[in-house]
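**Student:** Let me give you the structure first, and then I'll get to my questions.
In my numbering, the protein residues as written are 38 to 601.
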């Protein structure tokens, strides 16, 4: 490998997708003649090409292969890149039997039968070696011999290519081939997996849903052919460098795992803080290590989740003894709802059960309380079930995909007519919450706050609107509560019911879910503090991504320099 790469290997490996790019670079350098030095004593590839042609003519004369139509000559102007002097460009169909297969009707029960699914994409690792009696497939099969190159022509971008370790049979979506003369099968595998060849087949593949490489396009492909001795040296060097990549990858995985465990342990220590003062001291110690701890998107996301949990545990800010206790606040919420019921402005709700001490997930400060969502909210409503359309003057309908990281994303929604039954009662007001009652198990229960204009948007039936008495309870604080990791762990996950790949946690269950309730002034202080800290996390992410981009640009420049 060139000195510029060996001198900068750590930089390349640590770049975004660095080891994957390093593997691609090794293959690209291999087919350009830049991976190992040339040896002037090697027989030139032009002589090898003559021997291949002679062997091909002999096989035709003996009737062992059919004479094929001659392929177009290789023109200088059409060459993809310059090769070393002892190399030659040849068409794949000129030097191999690519596309000429032998189908077999009779297959022994113990024969190896290879399907595309048996080959791992990109790595070409053989995942399983099944026998015919295990599959008993009725579809046509191509036969192959030990040492043949097996090329997966269906979805060729998956790079499923093997050298057969035994005789066997394969799906017709795999093309077995061999060179007509002496060749190193693993060099052909290296060349077919290289970015150069992959770029060619991606450009030539046909079919939208099931793209495949046509036989004639495969035969016409320009193939970089080195001297036979150099083919052996290239394969040995590729094996050596791929093993190095494996070690780098394993080391990186170990480092990532250790880093993740360290981050989790230190963030866990924050949630164990006894009070806000203890948290402030722990935070101060942790903040000095931000530059080494929070160096990945996942570690910053873990920090954000920890901050949400600390907020709802009363550990993010000190309490103010002058605040009205949450118990009094809950009385006022109950009285206001009773007044609205008496005035006919609110439906009377069924009483919810008392909260058992054993149901409380964690301790909260003395002036806090616990309550159920159905008690602290004004009302909860399911959304519209009508089909939506691309209407210019309709009412946009928010769906579950619009809830992302505690927010409701606006714009681009399909709509219903303004005359739809249920409107205007199912319009959203600013700071309404939307709770997703049906989704995959990991996403059901996600909640976001609507910050758009009142009376402009509605929402779909698998979402539930939660509306609060904003003058008595902060919907923004409730949104923090419902997005905290402890809420999912204790209030959503125990109720998951899956059917046909979908999970449902309905409105009745949701209304009974528990949330910690701070005094109202503290709710507002918590919301402001969380906003401030989330902005800090986003700044960390921005700086991280900028640094990664610089790292990636530098790595790409080194790669270009190595290939040029």
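Yeah, the Cβ is synthetic: ideal placement off N, Cα and C, and Gly gets one too.
Whose CA, out of 317, 149, 157, 87, lies closest to the CA of residue 640?
**Tutor:** Examination of residue 640 is not possible in this model, given that the chain is present from 38 through 601 alone.
**Student:** Just the Cα atoms here: how many angstroms apart are residue 569 and residue 517?
**Tutor:** One C-alpha to the other measures close to 13 Å.
**Student:** Taking 7 Å as the line, does the beta carbon of residue 240 fall inside it for any heavy atom of the ligand SAM?
**Tutor:** As presented, the structure is devoid of all ligands, the ligand SAM included, so that no description of it is given.
**Student:** For residue 319, which residues in the same chain have their Cβ closer than 8 Å to its Cβ, ignoring the five residues on either side in sequence?
**Tutor:** The residues are 306, 307, 310.
**Student:** DSSP puts residue 535 in a beta bridge; with which residues?
**Tutor:** Bridge partners of residue 535: 540.
**Student:** Starting from the Cα of residue 521, find the closest Cα among 398, 488, 68 and give me that residue.
**Tutor:** Minimum Cα distance to residue 521 is reached at 398.
**Student:** Am I right that residue 264 and residue 123 are in contact with their C-beta atoms under 8 Å? What's the rounded C-beta distance?
**Tutor:** Contact holds; Cβ gap of about 5 Å.
**Student:** According to DSSP, is residue 470 part of a helix, a strand, or is it coil?
**Tutor:** Correct three-state label for residue 470: strand.
**Student:** Among residues of its own chain, excluding the 5 on either side of residue 418, which ones have a beta-carbon nearer than 6 Å to its beta-carbon?
**Tutor:** Here the set comprises 502.
**Student:** Can you find the residues in the same chain that come closer than 7 Å, C-beta to C-beta, to residue 404, ignoring five residues on each side of it along the sequence?
**Tutor:** Cβ neighbours of residue 404 beyond the five flanking positions: 356, 360, 362, 363, 556.
**Student:** Apply the 10 Å Cβ neighbour rule to residue 514 and answer buried if 16 or more other Cβ atoms are within range, or exposed otherwise.
**Tutor:** The residue is buried, with at least 16 neighbouring Cβ atoms inside 10 Å.
**Student:** Can you give the Cα-Cα distance for residue 71 and residue 92, rounded to whole angstroms?
**Tutor:** Distance between the alpha carbons of residue 71 and residue 92: 29 Å.
**Student:** May I ask you to report which of helix, strand or coil DSSP gives residue 383?
**Tutor:** The answer is coil: DSSP assigns residue 383 none of H, G, I, E or B.
**Student:** Apply the 10 Å Cβ neighbour rule to residue 391 and answer buried if 16 or more other Cβ atoms are within range, or exposed otherwise.
**Tutor:** Answer is exposed; the Cβ neighbour count stays below 16.
**Student:** Whole angstroms is fine: what's the gap from residue 560's alpha carbon to residue 449's?
**Tutor:** Near 33 Å, if we compare the C-alpha coordinates of residue 449 and residue 560.
**Student:** Using the rule of at least 16 other Cβ atoms within 10 Å of the residue's Cβ for burial, across every protein chain shown, is residue 593 buried or exposed?
**Tutor:** Exposed, by the Cβ-count rule.
**Student:** Could you name the residues that DSSP lists as bridge partners for residue 140?
**Tutor:** Answer is 179.
**Student:** Using the DSSP secondary-structure output, state which residues sit across from residue 149 in a beta bridge.
**Tutor:** Answer is 168.
**Student:** For my contact list, residue 316 and residue 353 are in at a C-beta cut-off of 8 Å; report their separation, rounded to the angstrom.
**Tutor:** Going by Cβ atoms, the distance from residue 316 to residue 353 rounds to 7 Å, so yes, they are a contact pair.
**Student:** Contact between the stretch 420 to 437 and the stretch 478 to 496 is defined here as three or more beta-carbon pairs at a separation below 8 Å; is this criterion met?
**Tutor:** The stretch 420 to 437 vs the stretch 478 to 496: in contact.
**Student:** Please confirm whether residue 475 has its beta-carbon closer than 8 Å to some beta-carbon of chain B.
**Tutor:** This model lacks chain B altogether; it includes just one protein chain.
**Student:** In its own chain, which residues sit with a C-beta less than 6 Å from the C-beta of residue 414, not counting the 5 before and 5 after it?
**Tutor:** Taken in chain order, the residues that qualify are 503, 505.
**Student:** Out of curiosity, what's the CA-to-CA distance linking residue 634 and residue 476?
**Tutor:** Residue numbering for the chain in the displayed model covers 38 to 601; residue 634 lies beyond these limits and cannot be assessed.
**Student:** Can you list, in chain order, the residues of its chain with a C-beta nearer than 6 Å to that of residue 614? Leave out the 5 residues immediately preceding and following it.
**Tutor:** Within the shown structure, residues of the chain are numbered from 38 to 601, placing residue 614 beyond reach of any answer.
**Student:** Out of 139, 422, 473, state which residue places its alpha-carbon closest to the alpha-carbon of residue 454.
**Tutor:** Comparing Cα-Cα distances from residue 454 to each of 139, 422, 473, the minimum goes to 422.
**Student:** Going by the DSSP bridge assignment, what does residue 126 pair with across the sheet?
**Tutor:** Answer by DSSP bridge pairing, in chain order: 261.
**Student:** Is residue 140 closer than 8 Å to residue 178 when the C-beta atoms are compared?
**Tutor:** Yes, these two residues count as a Cβ contact at 8 Å.
**Student:** In this structure, what does DSSP give as the bridge partners for residue 552?
**Tutor:** Residue 552 pairs with 408.
**Student:** Which whole runs of the beta strand (DSSP E) in the stretch 188 to 264 are 3 residues long or more, in chain order?
**Tutor:** Listed in chain order, they are 198 to 200, 205 to 208, 211 to 214, 259 to 262.
**Student:** Does DSSP put residue 389 in a helix, in a strand, or in coil?
**Tutor:** It is coil, neither helix nor strand.
**Student:** State buried or exposed for residue 155, treating a residue as buried only when at least 16 other CB atoms are found within 10 Å of its CB.
**Tutor:** Flag for residue 155 reads buried.
**Student:** In the DSSP assignment, the beta strand (DSSP E) including residue 435 goes from what residue to what residue?
**Tutor:** Its beta strand (DSSP E) spans residues 432 to 435.
**Student:** So residue 88 is in the alpha helix (DSSP H); what residue range does that whole segment cover?
**Tutor:** Looking at the DSSP string, the run of the alpha helix (DSSP H) that includes residue 88 is 82 to 98.
**Student:** DSSP beta-bridge partners for residue 419?
**Tutor:** Partner(s): 501.
**Student:** Quick one: residues in its chain with C-beta nearer than 6 Å to the C-beta of residue 341, no 5 flanking neighbours on either side, listed in chain order?
**Tutor:** Taken in chain order, the residues that qualify are 574.
**Student:** Can the beta-carbon of residue 22 be found closer than 8 Å to that of residue 136?
**Tutor:** Here the chain covers residues 38 to 601 and nothing more, so residue 22 does not appear.
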